[in-house]
Every structure is written in structure tokens, then in C-alpha cells.
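Trainee: Per my numbering, residue 23 is the first one in the sequence shown, and the count goes up by one each step.
Just so it is clear, CB atoms sit at the ideal spot from N, CA and C, and this is done for glycine as well.
The model shown is predicted, which means the values in this text are computed figures rather than measured ones.
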Amino acid sequence: MVVLHPRLDDLGPLAQLVERHVYTVDVVGSIPAGPTTGRRFGRVTYVGRVKASPRDQRALLDLAELDSRIRRAEAARASPPHAARVKELLAERQARTQELAALLGTRDDLQAEIGRIEADVAVVDARRVRDTERLAATSNVKEAQGLESELASLARRKSDLEDAELAVMEQLEDAQAAVTAAEGMIARTNAEGAELSAAGKAAVEAATADAATATRDRAAVAAGIADDLVAQYDRLAIRNAGAGLLTRNTCGGCHMVLSGTDLAEVRRAADDDVVLCPECGCILVRTEESGL
Ligand SMILES: [Zn+2]
Numbered sequence: 023m024v025v026l027h028p029r030l031d032d033l034g035p036l037a038q039l040v041e042r043h044v045y046t047v048d049v050v051g052s053i054p055a056g057p058t059t060g061r062r063f064g065r066v067t068y069v070g071r072v073k074a075s076p077r078d079q080r081a082l083l084d085l086a087e088l089d090s091r092i093r094r095a096e097a098a099r100a101s102p103p104h105a106a107r108v109k110e111l112l113a114e115r116q117a118r119t120q121e122l123a124a125l126l127g128t129r130d131d132l133q134a135e136i137g138r139i140e141a142d143v144a145v146v147d148a149r150r151v152r153d154t155e156r157l158a159a160t161s162n163v164k165e166a167q168g169l170e171s172e173l174a175s176l177a178r179r180k181s182d183l184e185d186a187e188l189a190v191m192e193q194l195e196d197a198q199a200a201v202t203a204a205e206g207m208i209a210r211t212n213a214e215g216a217e218l219s220a221a222g223k224a225a226v227e228a229a230t231a232d233a234a235t236a237t238r239d240r241a242a243v244a245a246g247i248a249d250d251l252v253a254q255y256d257r258l259a260i261r262n263a264g265a266g267l268l269t270r271n272t273c274g275g276c277h278m279v280l281s282g283t284d285l286a287e288v289r290r291a292a293d294d295d296v297v298l299c300p301e302c303g304c305i306l307v308r309t310e311e312s313g314l
């Protein structure tokens, strides 16, 4: 592996040319033939210029596994599994709360109506008491007839008011039942929401802890691998699995089966050659399991 000067700009165009050349070899994995030529992906197995011990190459699989664990944990942290349902419940609670407000309005109107009917009944009752007293006291026949007729009409009026009150009371009962049901549904929505929020919070905490552990483990694993190999892996891992185990003629990074020609080329490579998958470009790690 060519170690590049960190400040290429200081070295002028030649160094930049070398950098492009190394990039082609290192990242794309072509056989070094010059800065602009190089074989393309999808046809051949590429053997890069990087040399690395089989042990280090195998350790890349741990690195790839940890990276995928970190990605999963980050994804779980960003959107815990309960988030969608919690959002749904919030919308449901909003709708139910509006519904409850309407039901409470209806119930209150009916209660007010009962109050008005009862006030009317009180007026009728007072009038009946007064008329009855007057009837008992009067000796005027004409006045007595008038009072009796009024008492009869007051009795009808009271009976009508009582019928009306009964009908409104039935409506009030229904309205109250609807209010109770809506309140119950809101309470259940709240309870489920609280439970899921707590579960979501726990899931985020677990994912955060898992990401932290995996990140620590990754640093430890990376520290045990040659720097240039880790650097190559990191560059590749931006666009593919970074590294994959070759088993049953299949790349563990992209799960594509390699052609016979590609496998023959892989077999020709030395143990410490870093071989790239012709399909996805990740480092093809060869072990006893590879069955080459
Ligand atoms: Zn692959």
C-alpha cells in the first residue's frame, strides 16, 4: 500500500496523479495499469494491491458485523417500532376529544332544558297553590268558576311539562351514556399511548446503549487490524458491505454467486492478497469455509 502524503496539494500535480492512480487501485480495485485505465466492475475478480494477513482479513468480517449492528441500532433509535402507533393514538385522541366536546355540549343543553321545564313546573305549582287558596276563600260563584277552569288548565299544563321532562330525561340518559363511553375510549387511548411511549423510550435507550457498545467493540476490533486494510474497508463500506465471507461460491456482502472464471481468479490469488467481489466491490474474505 502506498502511503500518501497527507498534504497532496503541497506536492504538486505529480502527487495528485499518484493519488488518483492509488485511488483507482485501492478503491475500484483494478490492476494498476496507470491513472486512467482500469478494468471495470462486473466482469472480473479484482485483486487489489493491498496485502493483508488472512487473520486481519477475517477480522474485517467482525468489523462489518459490528458496523451493521451500529446501523441497525441507529435506525432503531431514530424511529422506534412504537412511534407509528403512538402517532396514530395521538390523532385518535384528538378526534375523540373533539367528539367528546360535542357530546358534552349536547348533554349540557339537555340539562339546561330540564332546568327550564322544572322552573315552568314551579311557576305552575305556585299558581295552583294560589288559585286553590283563592277558591277556598271566595264566595263569588263567577270567580269560583274562573278559578276552577284555570286550575284545570294548570293541571293539563303541568302534565304536559312532566311528559316533556320525561322525554328530555331519556335523551339526557343517552347523552350521558355517550359521554361516559367517549371518556372511556379516551382513557384507553391515553393508557395505550402512555404504555407505548414508555416502551418506545425503553427501545430508544436500549438502541442507544447497543450503539455505544458496538461502537466501542468496533474500535477495539479495528485497532487489531492493519491500518491500511481498515482504511480500504472504510472506503469500500461507504457503498457496499465493506467485507463479505466467500462461501458456497457466494459473496457474503451482496449474496451474488461468482462465476467460474471469477472463482478461478480468486483461487489464483495469494492468501495475503486482498480480493474484491466482482459484483459489489466489497473485500471477499476467504477462509476454510470458502471451500476454494
Ligand atoms: Zn459481493
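Would you tell me roughly how many angstroms separate the C-alpha atoms of E217 and M207, rounded to the nearest one?
Mentor: Numbered from its first residue, the sequence shown carries residue 217 at position 195. Numbered from its first residue, the sequence shown carries residue 207 at position 185. The straight-line gap from Cα to Cα measures roughly 15 Å.
Trainee: With 16 as the cutoff for other CB atoms within 10 Å, does S52 come out buried or exposed?
Mentor: Start at 1 with the first residue of the sequence shown, and residue 52 comes out as number 30. With a pLDDT of only 40 at S52, under the threshold of 50, the placement of this residue in the model should not be trusted; the figure read from the coordinates follows. Answer is buried; the Cβ neighbour count reaches 16.
Trainee: Buried or exposed for D284, please, with buried defined as at least 16 other CB atoms from any protein chain shown within 10 angstroms of its CB.
Mentor: As a first step, residue 284 is located in the sequence shown; it is residue number 262 there, counting from the start. By the neighbour-count criterion, in which 16 or more other beta carbons inside 10 Å mark a residue as buried, D284 falls on the buried side.
Trainee: Compute the minimum distance between the beta carbon of E278 and the heavy atoms of ligand 1, and state whether it is under 7 Å.
Mentor: In the sequence shown, residue 278 corresponds to position 256, counting from 1. Reading off the sequence shown, one finds Met at residue 278, where the question assumed Glu. Yes.
Trainee: Please classify L88 as buried or exposed, where buried requires at least 16 neighbouring CB atoms within 10 angstroms.
Mentor: If you number the sequence shown from 1, residue 88 lands on position 66. The residue is buried, with at least 16 neighbouring Cβ atoms inside 10 Å.
Trainee: Is it buried or exposed for N262, if we count other Cβ within 10 angstroms and need 16 for buried?
Mentor: Residue numbering aside, residue 262 sits at position 240 when the sequence shown is read from its first letter. Buried: at least 16 other Cβ atoms inside 10 Å.
Trainee: In or out: H104 buried (at least 16 other Cβ within 10 Å) or exposed?
Mentor: On the sequence shown, residue 104 is found 82 positions in, with the first residue counted as 1. Answer is buried; the Cβ neighbour count reaches 16.
Trainee: Let me check one thing: in DSSP terms, what residues is G266 bridge-paired to?
Mentor: Here residue 266 refers to the residue found at position 244 when the sequence shown is read from its first residue. DSSP output for G266 lists L306 as bridge partner(s).
Trainee: If we count the other Cβ atoms within 10 Å of its Cβ and call it buried at 16 or more, is L211 buried or exposed?
Mentor: Sequence index remark: in the sequence shown, residue 211 carries index 189 (1-based). With the sequence shown as reference, residue 211 is identified as Thr, and Leu is not the correct amino acid for it. Classification for T211: buried.
Trainee: Out of R77, S75, K73, D84, state which residue places its alpha-carbon closest to the alpha-carbon of T237.
Mentor: Working through the sequence shown from its first residue, we reach residue 237 at position 215. That would be D84, whose Cα lies nearest to the Cα of T237.
Trainee: Just curious, the alpha helix (DSSP H) that D142 is in, first and last residue?
Mentor: Position 120 of the sequence shown, counting from 1, holds the residue named residue 142. D142 -> alpha helix (DSSP H) spans 105-159.
Trainee: For G246, is the beta carbon positioned less than 7 Å from some heavy atom of ligand 1?
Mentor: Position 224 of the sequence shown holds residue 246. Checking the Cβ of G246 against ligand 1 gives no.
Trainee: Does Q79 pass the burial test, meaning 16 or more other C-beta atoms within 10 Å, or should it be called exposed?
Mentor: Working through the sequence shown from its first residue, we reach residue 79 at position 57. Buried, because 16 or more other Cβ atoms sit within 10 Å of the Cβ of Q79.
Trainee: Going along the chain, which residues of its own chain have a beta-carbon closer than 6 Å to the beta-carbon of R179, five neighbours each way excluded?
Mentor: Position 157 of the sequence shown, counted from the first residue, corresponds to residue 179. Counting only Cβ-Cβ distances below 6 Å, and skipping sequence neighbours, we find V146.
Trainee: Take G274 as the anchor and find which of C299, A189, A234, L183 has the nearest alpha-carbon.
Mentor: In the sequence shown, counting from the first residue as 1, residue 274 sits at position 252. Measuring from the Cα of G274, the nearest candidate turns out to be C299.
Trainee: Find out if the Cβ-Cβ distance for the pair G264, L306 is shorter than 8 Å.
Mentor: Locating residue 264 in the sequence shown gives position 242, where the first residue counts as 1. Locating residue 306 in the sequence shown gives position 284, where the first residue counts as 1. Their beta carbons are not under 8 Å apart, which means G264 does not touch L306 by this criterion.
Trainee: Is the Cβ-Cβ distance between R240 and L268 less than 8 Å?
Mentor: Here residue 240 refers to the residue found at position 218 when the sequence shown is read from its first residue. Here residue 268 refers to the residue found at position 246 when the sequence shown is read from its first residue. In terms of Cβ geometry, R240 and L268 do not form a close pair [threshold 8 Å].
Trainee: Below 8 Å on the Cβ atoms is my guess for P102 versus D294; work out the distance and round it to an integer in Å.
Mentor: The count along the sequence shown starts at 1 and reaches residue 102 at position 80. The count along the sequence shown starts at 1 and reaches residue 294 at position 272. At roughly 44 Å, the Cβ-Cβ gap does not stay under 8 Å, so P102 and D294 are not in contact.
Trainee: Do you know how far the Cα of V288 is from the Cα of D321?
Mentor: Given that the chain is displayed from residue 23 to residue 314, the structure contains no residue 321 and the question cannot be resolved.
Trainee: Taking the beta strand (DSSP E) that D295 falls in, what are its first and last residues?
Mentor: Taking the sequence shown and counting its residues from 1, one reaches residue 295 at position 273. Residues 295-298.
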